[in-house]
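Here the sequence shown is numbered in the numbering used here, starting from 42 and rising by one per residue. Heads up, the beta-carbon is just placed ideally off N, CA and C, and yes, glycines get one too. Inspection log for the structure reproduced underneath, given as structure tokens.
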Amino acid sequence: MAESKLRVHTPGWLGEFKAFIMRGNVVDLAVGVIIGAAFTAIVNSLVKDIFNPVIGLAIGGIDFSNLFWTIKGPVEPTLAEAQKAGAVTLNYGLFANAVIQFLIVALVIFWLVRILTKMHVREEEAPAAPPAPSKSEVLLEDIRDLLAKQPRS
């Protein structure tokens, strides 16, 4: 029995997709998203665990996460209890946390970009090494040196 060769047809867009995925900027974007997710966790902890307690202490021990207004339903002392009881709440404390978190992220990114920009400017200001002389310049210098060594008549 003769074996028949089974040929699998791959769609043309598959090669284009592979080329798209392997481009440098797509990989850079993926790395940026992953680092951004990790950075977000750090900033969330910074806001929740460092800044909010300090700000809450400065304004009289208020916990922002429990600042809410009950629109409909039973009025409870904490947001978790109000949500458990099924109350409709306006959570302006959580919004304040989000605004604080945004401002911290914006400030950190501002300083990071500022530092990177200054580093980039310093690299541009550094004097570049003079370009190597071309072959014709080297040849002319050699001719000049040989002529200088010859006795004058």
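(request) State the start and end residues of the unbroken alpha helix (DSSP H) segment that holds Val74. (result) For the purposes of this step, residue 74 is identified with residue 33 of the sequence shown, where counting begins at 1. Segment 65 to 86, the alpha helix (DSSP H) holding Val74.
(message) I'd like to know whether the C-beta atoms of Gly97 and Asp90 end up nearer to each other than 7 Å.
(response) The count along the sequence shown starts at 1 and reaches residue 97 at position 56. The count along the sequence shown starts at 1 and reaches residue 90 at position 49. Cβ distance not < 7 Å, so Gly97 and Asp90 don't count as in contact.
(message) Let's see if you can read the secondary structure: which residues bound the beta strand (DSSP E) around Val129?
(response) Taking the sequence shown and counting its residues from 1, the one referred to as residue 129 is at position 88. First-last of the beta strand (DSSP E) with Val129: 129 to 131.
(message) Looking at the strands, I want to know which residues DSSP matches up with Lys113.
(response) In the sequence shown, residue 113 corresponds to position 72, counting from 1. The partner list for Lys113 (beta bridge, DSSP) reads Val129.
(request) Please confirm if the stretch 67 to 80 is in contact with the stretch 105 to 124, defined as three or more CB-CB distances below 8 Å between the two stretches. (result) no
(message) Assuming contact is defined by CB atoms lying nearer than 7 Å, are Ile112 and Leu87 in contact in what I supplied?
(response) Working through the sequence shown from its first residue, we reach residue 112 at position 71. Working through the sequence shown from its first residue, we reach residue 87 at position 46. Not in contact: Ile112 and Leu87 (Cβ atoms no closer than 7 Å).
(message) Here's a check: name, in chain order, each residue in its chain whose Cβ is nearer than 6 Å to the Cβ of Leu120, leaving out the five neighbours to either side.
(response) Along the sequence shown, one-based indexing puts residue 120 at 79. Once the five neighbours on either side are set aside, the close Cβ partners of Leu120 are Asn107, Phe109.
(request) Write down the C-beta distance between Val84 and Ile156 rounded to the nearest angstrom, noting that I regard them as a contact closer than 8 Å. (result) Along the sequence shown, read from residue 1 onward, the residue named residue 84 stands at position 43. Along the sequence shown, read from residue 1 onward, the residue named residue 156 stands at position 115. Contact flag wrong, Cβ pair sits at about 18 Å.
(message) Quick check: what's the CA-CA separation for Pro115 versus Gly127?
(response) Along the sequence shown, read from residue 1 onward, the residue named residue 115 stands at position 74. Along the sequence shown, read from residue 1 onward, the residue named residue 127 stands at position 86. Going from the Cα of Pro115 to the Cα of Gly127 covers about 8 Å.
(message) Please list the terminal residues of the continuous alpha helix (DSSP H) segment that includes Asn93.
(response) Translated into the one-based positions of the sequence shown, residue 93 becomes position 52. From DSSP, the alpha helix (DSSP H) with Asn93 extends over 93 to 99.
(message) Tell me the DSSP secondary structure of Ser175 in three-state form.
(response) Residue mapping note: residue 175 aligns to position 134 of the sequence shown, counting from 1. Note: Ser175 maps to coil in three-state DSSP.
(request) Identify whether Arg193 lies in helix, strand or coil by the three-state DSSP scheme. (result) As a working note, residue 193 is residue 152 in the sequence shown. It is coil, neither helix nor strand.
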